[in-house]
Structure formats: C-alpha cells, structure tokens
Ligand SMILES: NC(=O)c1ccc[n+]([C@@H]2O[C@H](COP(=O)([O-])OP(=O)(O)OC[C@H]3O[C@@H](n4cnc5c(N)ncnc54)[C@H](O)[C@@H]3O)[C@@H](O)[C@H]2O)c1
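In my numbering, the protein residues as written are 23 to 480.
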C-alpha cells in the first residue's frame, strides 16, 4: 500500500506507544512505525501482552498493528524511510554531575539526535514529544546541522499532555494539542504538516500553535501547576488533622468556586509518577540557572510538601500503632502511582514501603496491575516483602492495611470478611480517602483517613 507519509516514533514507552497507536488508528493513510533500543519492549508491543496497561489501548493496537502501525528495533533503517520523526525517549532526572537530582538527563535525547543525523538521507521534520528543559530544541538543531550534508531538519515542539490511566481518552479528546515552531516560513510550513496530522480527529480550535520556547515551557508549567494543587490541598490536610476540620469538606467548598474548580483537590498520601517531580525540579533548576532564586524556591516548595506528606503518613502509622511497627505485618493496598495503570515510577507506595521496611515491618503488597513492577522495584527486599494478587489473602493475618492507590476495586471489598481475617486491634490507613470510613469503623477497624479526624475504638 502507498502511504501518504511515513511517521516514525523513537521511544516505545508510556508516551510513544499510545500516542502512535492513536495516530495510526485515526489516520490509516499514514504508516506509523515505533522503534526502541529495548528488544523486549518491542517484542511485547508485537505480542498479546503489551508492555504497559492502559484502558482501551489493547483494542486500538490490535486493530492497527501490521496494518499501518508497526513496532521494530530497526532504528537506522526506519530513520532513513521517515518523513516525520517524533522523539519520545525518556528524559529522567540526572543522577550525576552538575544538576544532579534536579535537571533532565539528556543523554538519551542527544544520542537520538546524533543517530538521526547519522542515518538520515533526506530532509525531515523532527518533533519533540519528550518533556524537555526550555531551549532543548536549539541543542537538537545544533546537532542536526553540525555536518554539511545539505539535508535540512525542522524541529518542532509538541509536548504530550496525556495522563496515564486515561491516556486513550486524553489522546482521542485532548483539551488541546500544542505545537511550537520557529516563526519562519520553513518553520511554519513544518508546523502545518503536524497540524494536518492532528486535524484528522482533533477539532481545529483545540490545535494551538506558538513559538518553540513557549511550547517547551508550557509543558513544565502545566505539570507544575497540577502538582501544586495537590501539594496545596495536602498541606491543608495536615492542618485539618490538627484542628478537627475535614479536608473533604474543605476541598468541596473551595472547589465549587468556579475560579478554582474541583479537579486535583483530593488530599492523598502524595503525588507520584515519572513526570511531576522530575518536571518541577527541571523548572526549579532552570530558574536557579537564570538567577531567579525566589521563583525556584516557590516551586521547590511543591516537591517539599509532597515529601513531607509521604513521611507524615508513615509517622502517623507509627504513632497510631503504639510507636512501634517492628515485627508487625502490614498490607499495602496498591503499589501503582495512581489507579488504572501498572506504572510504579515515583509511586508514594515505593517510598512508604521503604520506610516501613526501615521500621522492620513485614510487608504484603497487593495490586491488580502493578505487581510485576513492584517486584522489580523491591527486588532487594525478598526477605521482607511478599506479593499477593488477591486482596483478601493479602490482608489475612495482618495488623494493618494502608490504602495507597485509589483502585475502585478497594472501595467494593467485603471489609467484614477482611476484618475477621486480621489481627486485632486492626487498623486501616486510607491514604486516598476512598473507602467509607464510618462503615469500616463500625465493623471494628481503627480508621485513619487523610485530613480528617481518626475513628478509633480506644
Ligand atoms: N509517562 C507519562 O505520563 C508522560 C506524559 C507526558 C510526557 N511524558 C514525557 O515523555 C517522555 C517519555 O516518557 P515515557 O514515560 O514514555 O518513558 P519510557 O521510559 O516509558 O519510554 C522511553 C523509551 O525510550 C527508549 N529509548 C531511550 N533511548 C532510545 C534511543 N536512543 N533509541 C530508541 N529508543 C530509546 C527506552 O528504551 C524506552 O522504552 C519523557 O520525556 C516524559 O517526561 C511522559
């Protein structure tokens, strides 16, 4: 079949896989190929067991795969054949040298740029999908124009705003698609090629365009503001616990103001995921680099409150359970960083598991989709941790349950049955405020929600 264009995506992760599956699904006239250096990941994308769990993803991959959607490890050959290249490689926080623990590690990014330069035999449009520090496009351009081959590369910024767990809906009905380009004749022409792809399913008014730097910065700011709302309400949850106010009532009253809105105002054990912390630290580092120390401190506070909230949760458990957790058996309900994903990167559950192990707790972990990743994350603690898929079996014989992921499944459990199987006094620490606290208290549990008075039988 003759395709209108060859689209390539480098990086078959949580972003590359779903975004390209959606383009292939909506645009049968384009051939979409996703490549990765990790052969196991590519084999999984080509199998019945996709490497990531995302509601609705299986269906669209199955429909488009081997029709106009292909997964491959052949990076160089596919670069040669492509017209448009999305780059969606990981950009984690740097763990060495200058900017250690703060700025983005761009080594995968730069390797990709060099590989494109080395393999390309014709001009191409390069699209930044990864989240990057402002001005990264400039570095990409400098690498791509570093030889005199006569091949021309247009670099566009097209940050991805999908949220894991709702990625398919987010991609199908995005609030906006943002495309940043140089405001030159060539830059605008390249931008229009990308606009044309999205116009296959996204309403015109939702496709917004800007200069490249504003586009790059908008992604960092979006994540920083979302996380800031969570830290704001979590900070107030600590005050609620001291004063007897109820954070759910406060969130409701505050969120009903249409200037504020009710999204991202649920108090919890803290935010996780691969992006929020990394992107805020990136922003902080940028501000510090430009000498904007007050601005940097403001945003660093969002991360600080998140760390505080996780530690506070552990200290509340310790205080409630008679100031000693050593030798106690505690079950974690949920290890994914949020519901409807198997992703455990930066999950609050990972931090809490580590802290509880320090307190010499015997841990049992249950999660409907994240046990494989949880086992990898906690590989060094084989003695201290067991993994049990069935939440009833997991909780049996435990002193306490800590709910760490807001899976709907946990709201509908038979807590009477669970209570009967646990050691007494039995405790529930609801790190997501998702269960009926009064009901489980009446069953016999001592209940510790976030930002609400505890319900105890003592
Ligand atoms: N996960 C999210 O929810 C999300 C949302 C929006 C934006 N982002 C951003 O998107 C980017 C990718 O995130 P992700 O979660 O998909 O990461 P990921 O780690 O799941 O996937 C990245 C993939 O890139 C591959 N890779 C690295 N170097 C490569 C190379 N030189 N050639 C080919 N493949 C290579 C890796 O093997 C990996 O499979 C990051 O910049 C992230 O900040 C992520």
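Quick reminder that beta carbons are idealized off the backbone N, C-alpha and C, glycines included. Predicted model, so just to flag it, every value in this text is computed and none were measured.
(message) Report the start-end ranges of each beta strand (DSSP E) in the region 161-248 that is 3 residues or longer and not cut off at the edges.
(response) DSSP runs (the beta strand (DSSP E)) wholly in the region 161-248: 175-179, 199-202 and 229-232.
(request) Name the two residues that bound the continuous beta strand (DSSP E) containing residue 452. (result) Here residue 452 corresponds to residue number 430 of the chain shown, with the count starting at 1. From DSSP, the beta strand (DSSP E) with residue 452 extends over 449-452.
(request) Alpha carbon to alpha carbon, how far is residue 326 from residue 351? Give it in angstroms, no decimals. (result) As a first step, residue 351 is located in the chain shown; it is residue number 329 there, counting from the start. As a first step, residue 326 is located in the chain shown; it is residue number 304 there, counting from the start. Cα-Cα distance, rounded: 29 angstroms.
(request) Kindly indicate the opening and closing residues of the alpha helix (DSSP H) around residue 375. (result) Position 353 of the chain shown, counted from the start, is the residue given in the question as residue 375. Counting along the chain, the alpha helix (DSSP H) containing residue 375 begins and ends at 370-380.
(request) To the nearest angstrom, report how far apart residue 37 and residue 110 are at their CA atoms. (result) For the purposes of this step, residue 37 is taken as the residue at position 15 of the chain shown. For the purposes of this step, residue 110 is taken as the residue at position 88 of the chain shown. Taking the straight line from one Cα to the other gives about 7 angstroms.
(message) Just to confirm, is the Cβ distance from residue 33 to residue 54 under 9 angstroms?
(response) What you label residue 33 is simply residue 11 of the chain shown in a count that begins at 1. What you label residue 54 is simply residue 32 of the chain shown in a count that begins at 1. Not in contact: residue 33 and residue 54 (Cβ atoms no closer than 9 angstroms).
(request) Would you grab the beta carbon distance between residue 182 and residue 151 for me? Rounded to a whole angstrom, and I think it's under 8 angstroms. (result) If you number the chain shown from 1, residue 182 lands on position 160. If you number the chain shown from 1, residue 151 lands on position 129. A Cβ-Cβ separation of about 5 angstroms places residue 182 in contact with residue 151 under the 8 angstroms criterion.
(message) I'd like to confirm the pairing. Which residues does DSSP put opposite residue 94 in its beta bridges?
(response) Sequence index remark: in the chain shown, residue 94 carries index 72 (1-based). For residue 94, which the question treats as bridged, DSSP gives the partners 57.
(request) Assign residue 23 to buried or exposed, taking buried as 16 or more other Cβ atoms, counted over all protein chains shown, within 10 Å of its Cβ. (result) Your numbering for residue 23 matches position 1 in the chain shown. It is exposed - the Cβ of residue 23 has fewer than 16 other Cβ atoms within 10 Å.
(request) Within 10 angstroms of the Cβ of residue 176, are there 16 or more other Cβ atoms? Answer buried if so, exposed if not. (result) Residue 176 sits at position 154 when you count from the first residue of the chain shown. Here residue 176 is buried: its Cβ has 16 or more other Cβ atoms, across all protein chains shown, within 10 Å.
(request) Measure the C-alpha to C-alpha separation of residue 369 and residue 300 and round it to an integer number of angstroms. (result) For this step, residue 369 is matched to residue 347 along the chain shown. For this step, residue 300 is matched to residue 278 along the chain shown. Between residue 369 and residue 300, the C-alpha separation is close to 13 angstroms.
(request) Would you check if there are 3 or more beta carbon pairs closer than 8 angstroms linking the region 292-307 to the region 359-378? (result) Flag = yes, the region 292-307 and the region 359-378 touch.
(request) State the Cα-Cα distance for the pair residue 448 and residue 423, rounded to the nearest angstrom. (result) Residue 448 sits at position 426 when you count from the first residue of the chain shown. Residue 423 sits at position 401 when you count from the first residue of the chain shown. If you draw a straight line from the Cα of residue 448 to the Cα of residue 423, it comes to about 8 angstroms.
(request) Enumerate in chain order the residues of its own chain whose CB-to-CB distance from residue 162 is below 6 angstroms, with the five nearest sequence positions on each side excluded. (result) Along the chain shown, one-based indexing puts residue 162 at 140. Around residue 162: 135 and 177.
(message) With the cut-off set at 9 angstroms, would you say residue 64 and residue 58 are in Cβ contact?
(response) On the chain shown, residue 64 is found 42 positions in, with the first residue counted as 1. On the chain shown, residue 58 is found 36 positions in, with the first residue counted as 1. Contact: yes.
(request) Determine the DSSP secondary structure at residue 48, reduced to helix, strand or coil. (result) Here residue 48 refers to the residue found at position 26 of the chain shown. Of the three classes helix, strand and coil, the one that applies to residue 48 here is helix, per DSSP.
(message) Going by DSSP in three states, residue 109 sits in which element: helix, strand or coil?
(response) For the purposes of this step, residue 109 is taken as residue 87 along the chain shown, with counting starting at 1. Strand at residue 109.
(request) Look up residue 29 in the DSSP assignment and give the residues it is bridged to. (result) Along the chain shown, one-based indexing puts residue 29 at 7. For residue 29, the beta-bridge partners assigned by DSSP are 54 and 106.
(request) Just mark residue 61 as buried or exposed, buried being the case when its beta carbon has 16 or more other beta carbons within 10 Å. (result) Along the chain shown, one-based indexing puts residue 61 at 39. A residue is called buried when at least 16 other Cβ atoms come within 10 angstroms of its Cβ; residue 61 does not meet this threshold and is exposed.
(message) Quick check on residue 312: buried or exposed, where buried means 16 or more other Cβ atoms within 10 Å of its Cβ?
(response) Along the chain shown, read from residue 1 onward, the residue named residue 312 stands at position 290. Classification of residue 312: exposed, given that the 10 Å Cβ count is below 16.
(request) Starting from residue 470, follow its DSSP beta bridges and name the residues at the other end. (result) Taking the chain shown and counting its residues from 1, one reaches residue 470 at position 448. BP columns for residue 470 point to 451.
(message) I need the boundaries of the alpha helix (DSSP H) containing residue 415, first residue and last residue.
(response) Translated into positions along the chain shown, residue 415 becomes position 393. Start and end: 413-417.
(message) Would you say the beta carbon of residue 183 is closer than 8 angstroms to some non-hydrogen atom of ligand 1?
(response) In the chain shown, counting from the first residue as 1, residue 183 sits at position 161. Of the heavy atoms belonging to ligand 1, at least one sits nearer than 8 angstroms to the Cβ of residue 183.
(request) Please report how far the alpha carbon of residue 265 lies from the alpha carbon of residue 258, in whole angstroms. (result) Position 243 of the chain shown, counted from the first residue, corresponds to residue 265. Position 236 of the chain shown, counted from the first residue, corresponds to residue 258. So the alpha carbons of these two residues sit roughly 10 angstroms apart.
(request) For residue 136, name the three-state secondary structure that DSSP assigns. (result) The residue labelled residue 136 in the question sits at position 114 within the chain shown. In the structure shown, residue 136 adopts helical secondary structure according to DSSP, grouped into three states.
(request) Leaving aside the five residues before and after residue 272 along the sequence, list all residues of the same chain whose C-beta is less than 7 angstroms from its C-beta, in chain order. (result) Along the chain shown, one-based indexing puts residue 272 at 250. Cβ neighbours of residue 272 beyond the five flanking positions: 258 and 262.
(request) For residue 353, name the three-state secondary structure that DSSP assigns. (result) Sequence index remark: in the chain shown, residue 353 carries index 331 (1-based). In the structure shown, residue 353 adopts extended strand secondary structure according to DSSP, grouped into three states.
(request) Please confirm if the region 81-96 is in contact with the region 39-49, defined as three or more CB-CB distances below 8 angstroms between the two stretches. (result) Below 8 angstroms, enough C-beta pairs join the region 81-96 and the region 39-49 to call them touching: three or more.
(request) With residue 147 as the anchor, note down where its alpha helix (DSSP H) starts and where it stops. (result) Here residue 147 refers to the residue found at position 125 of the chain shown. Per DSSP, residue 147 lies in no alpha helix (DSSP H) segment; the continuous beta strand (DSSP E) that holds it begins and ends at 146-150.
(message) I'd like to know whether the C-beta atoms of residue 196 and residue 228 end up nearer to each other than 9 angstroms.
(response) Position 174 of the chain shown holds residue 196. Position 206 of the chain shown holds residue 228. Contact: yes.
(request) Return the CA-CA distance between residue 241 and residue 114, expressed in angstroms with no decimal places. (result) In the chain shown, the residue the question calls residue 241 occupies position 219. In the chain shown, the residue the question calls residue 114 occupies position 92. Cα-Cα distance, rounded: 15 angstroms.
(message) On the criterion of 16 or more Cβ atoms from any shown chain inside 10 Å, does residue 470 qualify as buried, or is it exposed?
(response) For the purposes of this step, residue 470 is taken as the residue at position 448 of the chain shown. Buried is the call here.
(message) Beta-carbon within less than 7 angstroms of residue 35's beta-carbon, same chain only, minus the 5 sequence neighbours each way: which residues are those?
(response) Counting from one through the chain shown, the residue named residue 35 turns up at place 13. Same-chain partners within the cutoff: 110 and 112.
(request) Pick helix, strand or coil for residue 385, following the three-state DSSP scheme. (result) On the chain shown, residue 385 is found 363 positions in, with the first residue counted as 1. Residue state, collapsed to three classes: strand.
(request) Using only alpha-carbon positions, find the residue among 451, 126 and 106 that is nearest to residue 290. (result) For the purposes of this step, residue 290 is identified with residue 268 of the chain shown, where counting begins at 1. Looking at the Cα atoms, 451 is the closest of the given residues.
(request) For residue 326, verify whether its CB is less than 8 angstroms away from any heavy atom of ligand 1. (result) Start at 1 with the first residue of the chain shown, and residue 326 comes out as number 304. Exclusion of residue 326 from the 8 angstroms shell around ligand 1 follows from its C-beta lying no nearer than that to any non-hydrogen atom of the ligand.
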